[in-house]
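S.K.:
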Amino acid sequence: MARDSLDMSGSDSESESLLDSIPDGSVRLSSAFNGPTAHLMWRPNSHKFDDRIVPLSEPAKVGRSVAKFKPAAHNAIFDCKVLSRNHALLWYEDGRFLIQDTQSSNGTFVNNDRLSKGAEESSPREIFSGDILQFGVDVIENSKKVTHGCVIALARLFHPDGSEARPLPNATSDAFSSLTCGQRQSLVQVVMDAIQREAALRDKVQSLQLVIEQLMRAAEQSWEAMIDEERLLNKIESLETKLAAIGENNQTVEINKLVQAKETYEGVAKDSLSSILQEKLMTLRKCDELQYLQKITNEELTQLQTSNEALKGQLAEMADKCDAMKQQSESLLETHVREKKELESKIAQHHEELMKLTDNIAVLQAELAAQKQANKPKVESPVSEKGLTIEDAASEAEDKISLDSFQGETKNSKEIVRLEETLQQLKAKLAKVETEKADLQTELGDQKNLIEATRADLGCKIELQVQLDMFKRENAQLELEVAKYKEQTKQLDALAKENAELKKQQEQIWDLRTAGHQEPPGLQKPKPKMTNVDVQVSAASTTFAPPSVAPPGAVDTELAKELRNLQIKLSTLKQSYARCLEEKVEMRKEFDEMAKEYGGVARQLNTVCRSAVVPLVILCVAVVAVTQPFYSIFGSSKS
1 MARDSLDMSG SDSESESLLD SIPDGSVRLS SAFNGPTAHL MWRPNSHKFD
51 DRIVPLSEPA KVGRSVAKFK PAAHNAIFDC KVLSRNHALL WYEDGRFLIQ
101 DTQSSNGTFV NNDRLSKGAE ESSPREIFSG DILQFGVDVI ENSKKVTHGC
151 VIALARLFHP DGSEARPLPN ATSDAFSSLT CGQRQSLVQV VMDAIQREAA
201 LRDKVQSLQL VIEQLMRAAE QSWEAMIDEE RLLNKIESLE TKLAAIGENN
251 QTVEINKLVQ AKETYEGVAK DSLSSILQEK LMTLRKCDEL QYLQKITNEE
301 LTQLQTSNEA LKGQLAEMAD KCDAMKQQSE SLLETHVREK KELESKIAQH
351 HEELMKLTDN IAVLQAELAA QKQANKPKVE SPVSEKGLTI EDAASEAEDK
401 ISLDSFQGET KNSKEIVRLE ETLQQLKAKL AKVETEKADL QTELGDQKNL
451 IEATRADLGC KIELQVQLDM FKRENAQLEL EVAKYKEQTK QLDALAKENA
501 ELKKQQEQIW DLRTAGHQEP PGLQKPKPKM TNVDVQVSAA STTFAPPSVA
551 PPGAVDTELA KELRNLQIKL STLKQSYARC LEEKVEMRKE FDEMAKEYGG
601 VARQLNTVCR SAVVPLVILC VAVVAVTQPF YSIFGSSKS
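Numbering (full-length UniProt numbering), first residue to last: 1 to 639.
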């Protein structure tokens with residue numbers, strides 16, 4: 001943290017020699033400013049910087065170099081990483097030079113005395129010429145193993161009149177403040193050494209306490225071991241006395257009985273071990289079958305998932321096609337309705353025109369009949385006013401009548417021809433209108449048929465939409481069943497792990513059986529009851545059989561076929577899973593029974609082994625007693 005050595009402050013003689021070594025040019029330079037100035041001079045143990053002359057007519061900020069504030073000859077900005085941006089503040093007030101730490105992270109020191117704690121603002125403190133100012137502390141960068149130094153400067157302070165701000169000789173009456181910097185340094189060093197020695201002594205005391213506790217525990221353990229040893233010696237002496245009291249005849253009879261019991265135990269143990277081995281082989285075979293079934297079910301599950309994804313894609317395509325066809329049919333229906341209305345309006349217009357034409361034809365026919373009647377000759381008796389003869393008058397009259405009739409007939413023939421032409425034109429128009437009417441009626445019938453066909457198509461599409469919704473619901477049910485089947489496969493994995501554990505336990509039991517060579521007589525392992533697997537499979541199939549789904553109206557479609565195939569596969573998977581569950585229950589029951597029997601056998605083997613040791617010891621003692629005299633073994637009373 002802070003620099004360990006306090007040679008930055010030095011003694012008063014060193015600071016005075018430094019002050020005396022500064023040329024008077026600095027004083028003259030400071031007089032160029034109109035206000036108070038502070039000269040910050042570099043020390044050898046500081047971060048490298050040029051000497052500064054800082055005017056204090058306004059408060060000067062001490063801080064790290066940033067983009068806006070760069071180091072210069074007349075400011076207190078330093079290119080140092082351990083400084084904060086707003087590290088400290090220097091100002092001149094009421095004839096005193098003051099410094100204040102502005103919540104810096106690494107602190108500000110005056111003569112190695114920190115102004116405030118970390119990240120706290122300090123109170124203003126008066127400084128004098130010759131004081132050592134330290135901004136920040138040395139920081140070691142662990143990643144690069146580089147030490148960043150702090151800024152240490154010797155301060156020379158000048159009042160506005162050019163006089164130097166030296167400390168008064170009797171400024172304070174405190175005993176500690178009267179000490180020189182060297183004495184303070186030595187005093188701090190002594191205190192630090194005392195603290196270090198105290199910490200070392202505390203560590204030694206703790207280590208001694210641990211050693212004493214370990215010795216106490218070792219003493220207690222040795223005392224308990226000694227007591228146990230005495231107890232064992234006493235037990236051995238009591239057993240020796242009991243062996244001495246047993247007669248020789250009783251010992252031989254018991255030894256024979258023990259040998260016979262041992263032979264019977266060995267036979268029973270061999271039989272039980274052979275039966276256990278057979279059961280182990282059966283369980284291993286079942287485990288292999290279960291693993292094979294699990295592999296098959298996993299493959300079927302992957303196939304079901306792929307087919308399910310394909311069905312989802314097909315359902316999505318069918319839904320899109322159905323929506324497109326529905327929109328197309330609606331647009332066709334709208335166009336048909338609009339064309340129907342236009343045709344009806346056209347038919348009404350043509351009907352009105354036809355009525356007008358019929359009326360015109362009737363009027364023209366009436367006019368033609370009237371003109372024909374008017375053109376007939378009228379016979380009158382002419383009277384000659386001038387006294388002509390009757391024959392002359394009759395001839396003249398006939399001539400006039402013939403001329404008038406000829407002129408009238410010519411006029412009437414032209415009018416008749418014109419009327420007949422107009423009549424023919426009207427008849428042609430009428431025929432044309434009739435044909436257009438028939439065409440319009442046929443087209444209207446076609447449009448009606450098309451509308452009926454579109455309605456029927458819409459009905460089929462609605463039925464397809466209903467079937468599609470049913471397929472979606474069935475697909476959701478299938479997804480739920482697939483999720484359940486995944487859980488069941490997880491249970492099968494757990495069953496396989498349990499089977500592996502069962503194998504390990506059976507191997508351990510087999511090792512125990514091979515380790516123990518004796519088993520009590522009359523012990524026979526009950527055989528596990530085997531159930532009929534086919535009956536369980538049928539029961540599982542009836543229990544887990546999915547309901548039959550018959551989609552209405554689309555039985556022969558590909559989706560229905562794939563759905564039925566998926567249902568069949570799912571039913572087979574459920575049956576296989578039910579079979580696995582039943583076999584798991586069976587194996588669990590068998591394992592529980594075997595564990596109980598193995599526990600009893602192990603306890604009996606332990607008791608047999610313990611009971612067999614005592615007769616063997618007795619047998620050895622009896623053999624020794626027969627071959628050698630009694631007093632040569634245990635010694636005589638005289639010896």
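All C-beta atoms, glycine included, are put in the ideal place defined by N, C-alpha and C.
Bear in mind that the values here come from a model prediction, so they are computed numbers and not experimental data.
Pull up the CB-CB distance for H350 and V433, whole angstroms please, since I reckon it's below 8 Å.
M.R.: Translated into the one-based positions of the sequence shown, residue 350 becomes position 350. Translated into the one-based positions of the sequence shown, residue 433 becomes position 433. Contact flag correct, Cβ pair sits at about 5 Å.
S.K.: To the nearest angstrom, how far is it from the Cα of A438 to the Cα of G445?
M.R.: The residue labelled residue 438 in the question sits at position 438 within the sequence shown. The residue labelled residue 445 in the question sits at position 445 within the sequence shown. Answer to the nearest angstrom: the Cα atoms are 10 Å apart.
S.K.: Here's the rule: buried if 16 or more other CB atoms are within 10 angstroms of the residue's CB, otherwise exposed. What is H74?
M.R.: Counting from 1 along the sequence shown, the entry for residue 74 is found at position 74. When all chains shown are included, H74 counts as exposed.
S.K.: Whose C-beta lies closer than 6 Å to the C-beta of H148 among residues of the same chain, with five residues either side of it excluded?
M.R.: Numbered from its first residue, the sequence shown carries residue 148 at position 148. So the list reads K81, V82 and V139, once near-sequence residues are dropped.
S.K.: Within the present structure, is the beta-carbon of R588 separated from the nearest heavy atom of the ligand GTP by less than 7 Å?
M.R.: As presented, the structure is devoid of all ligands, the ligand GTP included, so that no description of it is given.
S.K.: So for R217, helix, strand or coil by DSSP?
M.R.: Indexing the sequence shown from 1 puts residue 217 at position 217. Of the three classes helix, strand and coil, the one that applies to R217 here is helix, per DSSP.
S.K.: I'd like to know if N308 contacts chain B, where contact means its C-beta is closer than 8 Å to some C-beta of that chain.
M.R.: The structure shown contains no chain B, having only a single protein chain.
S.K.: What are the boundary residues of the beta strand (DSSP E) that includes L154?
M.R.: Walking along the sequence shown from the start, residue 154 turns up at place 154. From DSSP, the beta strand (DSSP E) with L154 extends over V151 to F158.
S.K.: Decide if G35 is buried, meaning its Cβ has at least 16 other Cβ atoms within 10 Å, or exposed.
M.R.: Numbered from 1 along the sequence shown, position 35 holds the residue referred to as residue 35. So G35 ends up on the exposed side.
S.K.: Report buried or exposed for D131, applying the criterion of at least 16 other Cβ atoms within 10 angstroms of its Cβ.
M.R.: To locate residue 131, count along the sequence shown from 1; it is residue 131. Burial call: buried.
S.K.: Have a look at the DSSP bridge pairing and note the partners of L90.
M.R.: Walking along the sequence shown from the start, residue 90 turns up at place 90. In DSSP, L90 forms a bridge with A60 and I99.
S.K.: Starting from P71, trace the beta strand (DSSP E) in both directions and tell me its first and last residue.
M.R.: One-based indexing of the sequence shown puts residue 71 at position 71. P71 -> no beta strand (DSSP E), and no H or E assigned at all.
S.K.: By how many angstroms is the C-alpha of D592 removed from the C-alpha of E266?
M.R.: In the sequence shown, counting from the first residue as 1, residue 266 sits at position 266. In the sequence shown, counting from the first residue as 1, residue 592 sits at position 592. Approximately 25 Å, taken between the alpha carbons.
S.K.: Per DSSP, what kind of secondary structure is V137 in: helix, strand or coil?
M.R.: Your numbering for residue 137 matches position 137 in the sequence shown. The answer is coil: DSSP assigns V137 none of H, G, I, E or B.
S.K.: DSSP on C620, reduced to helix/strand/coil?
M.R.: Working through the sequence shown from its first residue, we reach residue 620 at position 620. Here C620 sits in helix by DSSP.
S.K.: Between E436, K356, K372 and L89, which has its C-alpha nearest E344's C-alpha?
M.R.: For the purposes of this step, residue 344 is taken as the residue at position 344 of the sequence shown. Taking only the C-alpha atoms, the option nearest E344 is E436.
S.K.: Helix, strand or coil: which one does DSSP assign to R202?
M.R.: For this step, residue 202 is matched to residue 202 along the sequence shown. In this structure, R202 counts as helix in the three-state DSSP scheme.
S.K.: Roughly how many angstroms lie between the CA atoms of E498 and T264, to the nearest whole one?
M.R.: The count along the sequence shown starts at 1 and reaches residue 498 at position 498. The count along the sequence shown starts at 1 and reaches residue 264 at position 264. Their backbone Cα atoms lie some 36 Å apart in a straight line.
S.K.: How about the stretch 266–275 and the stretch 577–584: do they share at least three Cβ pairs that are nearer than 8 Å?
M.R.: Too few Cβ pairs lie closer than 8 Å, so no.
S.K.: May I ask you to verify whether the stretch 101–116 touches the stretch 45–53, counting CB pairs closer than 8 Å and requiring at least 3?
M.R.: Judged by Cβ distances under 8 Å, the stretch 101–116 makes no contact with the stretch 45–53, as fewer than three pairs qualify.
S.K.: My understanding is that L154 touches R125, with C-beta atoms under 8 Å, so please give their C-beta distance in whole angstroms.
M.R.: Taking the sequence shown and counting its residues from 1, the one referred to as residue 154 is at position 154. Taking the sequence shown and counting its residues from 1, the one referred to as residue 125 is at position 125. Going by Cβ atoms, the distance from L154 to R125 rounds to 17 Å, so no, they are not a contact pair.
S.K.: Quick one, which of Q134, M318 and E421 has its alpha-carbon nearest N111's?
M.R.: In the sequence shown, counting from the first residue as 1, residue 111 sits at position 111. Answer by Cα proximity: Q134.
S.K.: Note down the Cα distance separating A456 from R564, rounded to an integer number of angstroms.
M.R.: If you number the sequence shown from 1, residue 456 lands on position 456. If you number the sequence shown from 1, residue 564 lands on position 564. Taking the straight line joining both Cα atoms gives about 29 Å.
S.K.: Name, in chain order, the residues that DSSP records as bridge partners for P55.
M.R.: Here the question's residue 55 lines up with position 55 in the sequence shown. Answer is T37.
S.K.: Considering just the uninterrupted stretch of the beta strand (DSSP E) at R125, what are its terminal residues?
M.R.: Numbered from 1 along the sequence shown, position 125 holds the residue referred to as residue 125. Segment R125 to I127, the beta strand (DSSP E) holding R125.
S.K.: List the residues that DSSP assigns as beta-bridge partners of K77.
M.R.: The residue you call residue 77 lines up with position 77 of the sequence shown. In the sequence under discussion, the amino acid at residue 77 is Ile, which differs from the Lys named in the question. I77 pairs with G63.
S.K.: Identify which residue in A76, Q441, E463 and E164 has its Cα closest to the Cα of L42.
M.R.: Here residue 42 refers to the residue found at position 42 of the sequence shown. The identity of residue 42 in the sequence shown is Trp, whereas the question assumes Leu. The residue with the shortest Cα to Cα distance from W42 is A76.
S.K.: Rounded to whole angstroms, what's the CA-CA distance from C620 to Q260? Just pull it up for me.
M.R.: As a working note, residue 620 is residue 620 in the sequence shown. As a working note, residue 260 is residue 260 in the sequence shown. Near 17 Å, if we compare the C-alpha coordinates of Q260 and C620.
S.K.: Using a threshold of 8 Å, state whether the C-beta atoms of L333 and T454 are closer than that.
M.R.: Against the sequence shown, residue 333 aligns to sequence position 333. Against the sequence shown, residue 454 aligns to sequence position 454. Yes, the pair counts as a contact, with Cβ atoms nearer than the cut-off.
S.K.: Could you pull the start and end residues of the beta strand (DSSP E) that F109 belongs to?
M.R.: Your numbering for residue 109 matches position 109 in the sequence shown. It spans T108 to V110 - the beta strand (DSSP E) in which F109 sits, taken as one unbroken run.
S.K.: Taking the Cβ atom as the reference point for each residue, do N308 and E474 lie within a distance shorter than 8 Å?
M.R.: The sequence position of residue 308 within the sequence shown is 308, counting from 1. The sequence position of residue 474 within the sequence shown is 474, counting from 1. No; because the gap between Cβ atoms is not below 8 Å, this pair is not in contact.
S.K.: Going by DSSP, what residue range makes up the beta strand (DSSP E) through K47?
M.R.: For the purposes of this step, residue 47 is identified with residue 47 of the sequence shown, where counting begins at 1. The displayed chain sequence assigns His, not Lys, to residue 47. Unbroken run through H47: none, as it is neither H nor E.
S.K.: When DSSP labels each residue in this structure, what does D113 get in the three-state scheme?
M.R.: Within the sequence shown, numbered from 1, the residue matching residue 113 stands at position 113. Strand, per DSSP.
S.K.: Closest to A348 by CA distance: which of M594, S222 and L440 is it?
M.R.: By 1-based counting over the sequence shown, the position of residue 348 is 348. That would be L440, whose Cα lies nearest to the Cα of A348.
S.K.: DSSP state of E237, grouped into three classes?
M.R.: Residue numbering aside, residue 237 sits at position 237 when the sequence shown is read from its first letter. Helix, per DSSP.
S.K.: Please work out which residues of its chain come closer than 8 Å, Cβ to Cβ, to R64, disregarding the five sequence neighbours upstream and downstream, and give them in chain order.
M.R.: Along the sequence shown, one-based indexing puts residue 64 at 64. Counting only Cβ-Cβ distances below 8 Å, and skipping sequence neighbours, we find I77, F78, D79, C80, K81, L83, S84, R85 and H87.
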